[in-house]
Each structure stands twice: as structure tokens, then as C-alpha cells.
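Q:
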Amino acid sequence: MSEKKHSARGLTRREMLKSTGLVLGGLAVPGVLESCLTSTSSTPSGTIKIGFISPVTGPASGFGEPDGYALKLARDAFQKGLSIGGTNYSVEIVNRDGQSTPSVGAQMANDLIQTQKVDLMLATSTPETVNPVSDACEAANVPCISTVVPWEAWYLGRGAKPGQPSPFKWTFHYCFGVEQFFLAYTHLWPQVTTNKKVGVMWPNDADGNAIRGALGPLLKGAGYTIVDPGPYEDGTNDYTAQIQKFIQQDCQIFNTFPIPPDFATFWRQAAQQGYTKHVKIGQIAKTGLFPSQVTALGAIGNGLASGVYWAPTWPYKSSLTGMTSKQIGDGYESASGKQWNQQLGASLSLFDVAAAVLSASGAPKDKTKVRDAMKTLKVETPVGNLDWSKPASLAGAAVPNVVSTPIIGGQWKSGASKWPIDFVICENAADANVPVASQLKPYSAG
Amino acid sequence: MTVANAVLQGVFLGAFYAVLACGLSIMFGVMRIINLAHGDVAVLGAYIVYVIVERTGVPAFVAFAVALPVMVLLGYVLQLTVLERSLKSGILTPLLATFGLSIVIQNLLQLVFSPDVRSLGGSAGSVTTASWQVTSGLSVSALGLLVLVVAVLLFAALQLFLSKTRAGWIMRATAEDADAAELAGIDSRSVYARATAIAVGIAALGGLFLGIRSVFDPVSGPTQLIFAFEAVVIGGMGSLWGTLLGGIALGVAQTVGAQIHPQFAVMAGHLLFLAVLIVRFGGGRLVLRTA
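Chains as they are written, first to last, in my numbering: chain A, 1 to 446; chain B, 447 to 737.
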């Protein structure tokens, strides 16, 4: 309705003026016309645009919380621009909220690709946000780097098949996988004497079923008895059936990969019905990533075991900003007044990778060169030294484009720092450079 | 014994659903509004209790006593400013208005409180983890019992209010036929505002229990709304005691379903809901009464 009506000659007066202006401007400054014709939001050739998509609102918004600070650090570091092959490029980061929803993630990615014309895409946190962004980039031939989705969920979840060549050419990923959980658990659990019976609450969702299929057999192979009452639906409000089973079987180890509110409900009922008295190790994943989730449980949260993919005690630096992990954590705490959280290091690491690959490509505006540079990139980030020439492996075959990163096991403890509860690292099987602070203590709060 | 325990825990769970559903039932019964923001209003109540607990350090139950009048007032204002206008333009507008309200509340909460999860469990004292072990397989949790007792008292009080007080008669008359009530000199606007005020106050009670049972964040509302809505439908829409029984039936269906298989827990509740829908509105009569 509001579309401009075209005159008989096919041009309105306004459009006529606009194109005349373009032609005149083009005559005055050769080259401008060309860039105007090829791109709608005319990016000067000396500017690199980086898209960044993360969940800032919606159920996974806890992940997006430190992104504001990570973005600020990255923008400050890029302020002077990037000097690549003798040319100084200015760098613009365009961030978008994936709203924890796959359809929104895809829409934001397409917007960044088509109207913003980004040269490189970054995405982080949960399959719901990352996978659709990766898919959109794969389809549009835009290089994309992502993290914080267990890599099996990113690789297999997007339709790749084990034993077949990878279908992905433009999308790259680095994250922990099932193997890292297995390493962490089998080095953490022997620190406390138990009957090696593991009660598991693995839900009927993408993560729960992946863990049941992959982690379950590995743990059995390591001598653990898995007591699995079966998959339950996310959002269940009563767990009596599972709790009774765990009590009957005396499961002294408990493991779960739930959405956060379900664990809170379960754990309180487990305390009411007396199961927590049986528990010596309460190993939680997917929830308990952030201090607020553990603090919210009250007293029964103290002593739960979990895993981290970054912490301020990690010995790695952000190569883009030059900051150590400790400086990043301290900086966030003083800037926001909130306790560090592990996503901070992971979000910032994306920009380290981005800066490194743009430099390594020699031609940051050439998407094919950027993609090719990714395949052999080595870079230091807060989460570790990443090396795409040494990809992760699946069933004995290398998985190109994917680098596996560690999960380090530890325990939430009160009184460990100035915060009400803090994460204490208890093992470092997946990365021996990360300092171990303490031994795992039996759970005793319930 | 495990089945007996499952039924018992189901009754406790159902009482929680009934408290959540109560306000929904009142608003539907009196105004024929399905309040899609009801879950979010409950979460808002939980946040207000949380703020009071954080600022003053009083136990959650004391903080609720302070939060309740705030929520009741909020409900009154909400009706006069938002819902009243939407009521005038057909059956769909209130639905859309409350849907919009739901989004507004979620985003406001996110803005003010950040996406962090919160809980009232820590500040409610030892009641949240205390229990009595009746036999080895049967335990009565203090919190479950408390919710059940509160739910029964709440519904009894509402029943008394509706059947014994003048304000209750007026509300029932307006619910039956607002136009006729107007002819008899009743100001339906103020009756509606009072109904919403009560509903929002009770939603806050549901939010309090939610916060003690589990954790909440700005987007926790919609998940709870589904169960509350099912409880209202199972109990017969707009019927008060029906809502209590509907909630309990839903809770028991879920816990007994979980005994068959954990995956069947939520499904069993949904199946009961569908069965009630088919029996009640069967034969192609899937339409709401309009008056």
C-alpha cells in the first residue's frame, strides 16, 4: 500500500533524483557508484563487519548476560582497526539477540547476511541459537564460527552422519563434547568413595537423549552401574517415581542434564523424600553453570559437583585484548558488580578467533580466503589454545571444522571466595594446564 | 505402597496446580476472560516477595503478607486500565490483550531483574525440606501438606464469600448476567475490578508456592499457565470446587503416570485433559458457553 507508485516511465521523481545524485556522485568519486550498486548498506571497502548472535532474552538468556561486557572489550580492542596485508581495516561488530528461539536465530542471521552484509559470523550458546545461525551461513556461503553447543549436538544435530564426509564447508565450531564429560566424571568421581551406582535424570530432549546414547555406555564401560528410570519431559513438576527408585537402589552418585527449573524442583523433592542423604556426589550439568542457578537452591546447593568450560583461574589469555583470564573475570566483576560466569571467557574467545582468522586470511573481505584460513588456524583464547588442524574425532574418523575443548570438573562451595558460593576446580584430566584447587568432598548438605 | 505414595504426592502437586488455577477460574467465571498473562502475574508476585525478602531479610511468608495488598491493588488497576477496555470489543480482544500483557510483564521483569534464576526456597525456612517418613516408601513433605491445607482453606473461603456475603451475591449475579445486574443498579465495572483484584492476589500466592517449590525467572510463567489452564478445564470451566478437584486430578494423573514410565508423567495429565474435553464438549460442541 505504501509502496511508491511507478510512473509510466518506470521511475518516480524522487527515484529519478536519487539515481541522478548517485550518478553525479559516482562521476565525482569513481568507485563509490560500484559499491552502491553491489551492496545496499554500502560498506566502505576498508571496513570489516562481524555479526554476533547470542541469546540475550528467553529461556537461555542466562548465557547472554556477560555478552555486553565481552562485546565492549572486543569493540575497544578493535577500535584501532586491524592491520592486514598493509591495509588498515576498521572493524564493526553488529550484535543481535537470538531470543533463545531457532526461528528468530535464523531470521537474525539472514538479516545480518543480507542487509548488513557481514564478512564473518559469530554465534554462541545452546543449539537453539547457534544451529540455525550456522545453517543460514552454510547456505549463504558466509564463514561462521560458533561455540558453547556440545559439538555432537552441533555436528550431528544439523544433519551430519557419523562415518560420512562432513557436509559443512563454511561453518566452524569449537566446544566440549561427550568425551570431555566422560573424562571429567571418571576423574572426579573416584575422589570420593561410593558404591559406583549412578542415578541418572536424563530428559527427553536433544541433550538428554544424546547423553543417554553416548555417555551412558562409556560410564558402564568404566565400571559404573547406571540406574536410569527413563526419559522424562522437560517441565515435569513431580519426581516421586524417580526419587523412590534411586532410594531403593541406593544410588550414591547422581547425574543430570536438565533445564534449570526442573533440577530445582527435583532436588528439593529429593531432600523432602530423603534421597539427598544417600547422595555422595551430586553431579549436575546444563544447570549449575552459573552461580545464580546454584545460589537459588539455598543450602541444598552447597557441594553440588559441576563442570566449567572457562574460569578466571585458567592459564590462557585473550589474544585480541591481551587480557589474562583473571583480568577478564576481575574486569567483569568490577564493571557489573556481579560474580564471574563461565560464558564470559567463551563469548570473548569468539572475537579472538575472529581477529586471528581475519588476519591469517590476508584478505578479510574475501570470504573464501577467510574460510580457507580457518581450516589451519591456531589461536590462543581464554578457553584454551585452539588448533583447527587437529580436529575432533567421531568413531575413529576426524570431524573437520570442529575442535574439542575441555570441560573441567569441580564443586560449588560456600565460603570459597567473597561470593556466597564459588566454583572450586577438583580435576583437570581434559587440560592439565588448568590448576586444580582442591579435592572433591562428599555432598552433605541434604 | 509406591502407588499410594505416588497418589499422595500427586494430591500435594494438584493442590499447587489448584492454587495457580484459582485466579484463572475466577476471571473466567465472572468475566469469561481467559487470562493468558496469569502465569506471568504469578511470577510477578514471586518477584515482589523476593524483593521484600532481599531488602528486609524477613521470611518469605511474612514478605507475602506485604506483597499481597500490592498485588490486589495492581489487579484492580489492571482491570480498570487494560482489561475493561478490551472487554467491550468482543471475545478475542481480551485474549489478545492478556497475551500482550504476558509479553510486557516478561520483558519488564527481564529488564529489572536480569535473566538470573531466583528462588524463595532458601528464605522460606526449613519447611521446604522437612518431611515425615510414614513408612519407608511413604513420606509426607511439610511443604506439600502446607500447600494442600492452604488450597483447601482458600477455596472454602472463596465459597463462603460467594454464597454468604452481599459482595459475593453481587459478583455471582454479574457473572450470570451483567446486563440484568446493571438494571438492578450494580456497577459491573467495579465488580469486575474486584474479581480481577482477587484473582491477581491469589496468583501471587501461586507465585509464592512456585518460588518455594522450585526456581523462577522472568519467563517461567507460560509453563505454569498450561497446567493451571488444564486444571480449570478438567474441573469444569468457571466452577470453583471443580478447579480444586481438577488440579488434584491433574496432579495425581501426572505422578501415577510417572510410575508407569517417567516420560508418561506430563503426558498422562494432558491425556486426562483431552479426555475431559472430549466427554464434556464431545459431539462437535467444542464451543464455549457465552452467557
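Note that CB positions come from ideal geometry on N, CA and C, so glycine has one too.
Against chain B, which members of the segment 53-65 of chain A pass a CB distance test of less than 7 Å?
A: The residues in question are Thr57, Gly58, Pro59, Ser61, Gly62 and Glu65.
Q: Leaving out the 5 sequence neighbours to the left and right, which residues in its chain are closer than 7 Å to B:Arg618 when beta-carbon positions are compared?
A: Answer for B:Arg618: Leu608, listed in chain order.
Q: According to a CB-to-CB cut-off of less than 7 Å, which residues of the segment 221-244 of chain A neighbour chain B?
A: Those residues of the segment 221-244 of chain A that come within reach of chain B (Cβ to Cβ, closer than 7 Å) are Pro229, Gly230, Pro231, Tyr232, Glu233, Gly235, Thr236, Asn237, Asp238, Thr240, Ala241, Gln242 and Gln244.
Q: Does DSSP classify A:Arg96 as helix, strand or coil?
A: A:Arg96 falls in the strand class under three-state DSSP.
Q: Quick one: does B:His484 have its CB under 8 Å from some CB of chain A?
A: Judged by the 8 Å Cβ criterion, B:His484 is not in contact with chain A.
Q: DSSP three-state label for A:Asp366, please.
A: Here A:Asp366 sits in coil by DSSP.
Q: Under 9 Å between beta-carbons, which chain B residues line up against A:Arg212? List them in chain order, please.
A: Correct list: empty, because the minimum Cβ distance to chain B is about 12 Å.
Q: Near B:Ser742, what residues of its chain come up, given a Cβ to Cβ distance below 8 Å and the 5 sequence neighbours on each side ignored?
A: This structure cannot speak to residue 742 of chain B, because chain B is shown only from 447 to 737.
Q: Please report whether the beta-carbon of B:Arg659 lies at a distance below 8 Å from any beta-carbon of chain A.
A: Yes, because at least one Cβ of chain A sits closer than 8 Å to the Cβ of B:Arg659.
Q: Which value, in whole angstroms, describes the spacing of the CA atoms of A:Met121 and A:Val148?
A: Computed Cα separation, rounded: 15 Å.
Q: Using the Cβ count rule (16 or more neighbours within 10 Å means buried), how would you classify A:Asp119?
A: It counts as buried.
Q: Between B:Ser569 and the rest of its own chain, which residues show a CB-CB distance below 7 Å, the 5 nearest in sequence each way excluded?
A: Taken in chain order, the residues that qualify are Val499, Pro505 and Ala506.
Q: Note down, in chain order, every chain A residue with its Cβ under 8 Å from the Cβ of B:Val596.
A: Here the premise fails: no neighbours, minimum Cβ distance about 17 Å.
Q: Thinking C-beta only, is A:Phe181 closer than 8 Å to A:Ser125?
A: Result no, Cβ atoms of A:Ser125 and A:Phe181 do not sit closer than 8 Å.
Q: Show which residues of chain B have a CB atom less than 7 Å away from the CB atom of A:Pro260.
A: Those are Val563 and Val661, listed as they occur along chain B.
Q: Can a CB atom of chain B be found closer than 8 Å to the CB of A:Gly25?
A: Note on A:Gly25: pLDDT 43, under 50, position unreliable in the model; the coordinate value appears next. No, because no Cβ of chain B sits closer than 8 Å to the Cβ of A:Gly25.
Q: Taking the continuous alpha helix (DSSP H) assigned at A:Cys137, which residues delimit it?
A: Unbroken alpha helix (DSSP H) run through A:Cys137: Pro127 to Ala140.
Q: For a cutoff of 8 Å on Cβ pairs, would you count B:Ala506 as touching chain A?
A: Judged by the 8 Å Cβ criterion, B:Ala506 is not in contact with chain A.
Q: Name the residues in the segment 269-285 of chain A whose C-beta lies less than 9 Å from a C-beta of chain B; which are they?
A: Cβ contacts with chain B come from Gln269, Ala271, Gln272, Gln273, Gly274 and Thr276.
Q: What span of residues does the beta strand (DSSP E) with A:Gln283 cover, start to end?
A: Ile281 to Ile284 is the extent of the beta strand (DSSP E) around A:Gln283.
Q: Using a Cβ cut-off of 9 Å, which residues of the segment 684-700 of chain B contact any Cβ in chain A, in chain order?
A: If the cut-off is 9 Å between Cβ atoms, the segment 684-700 of chain B has Gly697 and Gln700 near chain A.
Q: Please report whether the beta-carbon of A:Leu297 lies at a distance below 8 Å from any beta-carbon of chain B.
A: Answer yes: the Cβ-Cβ gap between A:Leu297 and chain B drops below 8 Å somewhere.
Q: Output, in sequence order along the chain, the residues in the segment 391-413 of chain A whose CB is closer than 9 Å to any CB in chain B.
A: The segment 391-413 of chain A vs chain B, Cβ under 9 Å: nothing.
Q: For A:Leu82, which of A:Ile211, A:Ile421 and A:Val91 has the nearest alpha-carbon?
A: Checked all of A:Ile211, A:Ile421 and A:Val91; the closest Cα to A:Leu82 is A:Val91.
Q: Give the residues from the segment 456-470 of chain B that approach chain A closer than 9 Å (Cβ to any Cβ), ordered along the chain.
A: Cβ contacts with chain A: Gly456, Phe458, Leu459, Phe462 and Tyr463.
Q: Name the residue from B:Glu530, B:Ser660, B:Gly590 and B:Ala711 whose alpha carbon lies nearest to the alpha carbon of A:Gln293.
A: When only C-alpha atoms are compared, the closest one is B:Ser660.
Q: Would you mind telling me which residues of chain B sit closer than 9 Å to A:Ala109, beta carbon to beta carbon, in chain order?
A: None at all; the shortest Cβ gap to chain B is about 22 Å.
Q: Alpha carbon to alpha carbon, how far is A:Gly415 from B:Ile479?
A: Those two C-alpha atoms are separated by around 50 Å.
Q: Spatial neighbours of A:Val23 within its chain, please: CB distance less than 6 Å, with the 5 preceding and 5 following residues excluded, ordered by chain position.
A: Low local confidence applies: a pLDDT of 42 at A:Val23 is under 50, so the model's placement there is unreliable, and no value is given.
Q: Which stretch, first to last residue, makes up the alpha helix (DSSP H) that contains A:Lys72?
A: It spans Asp67 to Phe78 - the alpha helix (DSSP H) in which A:Lys72 sits, taken as one unbroken run.
Q: Is the beta carbon of B:Gly521 closer than 8 Å to that of B:Ala643?
A: Yes.
Q: Could you tell me which chain B residues have their CB closer than 8 Å to the CB of A:Ser349, listed as they occur along the chain?
A: Ordered by position in chain B, no residue passes the 8 Å Cβ test against A:Ser349, which lies about 21 Å from the chain.
Q: Just checking: is the beta-carbon of A:Thr147 within a distance shorter than 8 Å of some beta-carbon in chain B?
A: No, A:Thr147 lies away from the interface with chain B (no Cβ there is under 8 Å from its Cβ).
Q: Between A:Ala153 and A:Asp207, which are expected to be in contact by the criterion C-beta below 8 Å, what is the C-beta distance as a whole number of angstroms?
A: That belief holds up - the Cβ atoms of A:Ala153 and A:Asp207 are roughly 7 Å apart, short of 8 Å.
Q: Hey, could you find the ends of the alpha helix (DSSP H) B:Ala464 is sitting in?
A: Residues Thr448 to Met477.
Q: So which residues on chain A does B:Ala711 lean against when the C-beta distance must stay under 9 Å?
A: Correct list: Tyr232, Glu233, Thr236, Asn237, Asp238, Tyr239 and Ala241.
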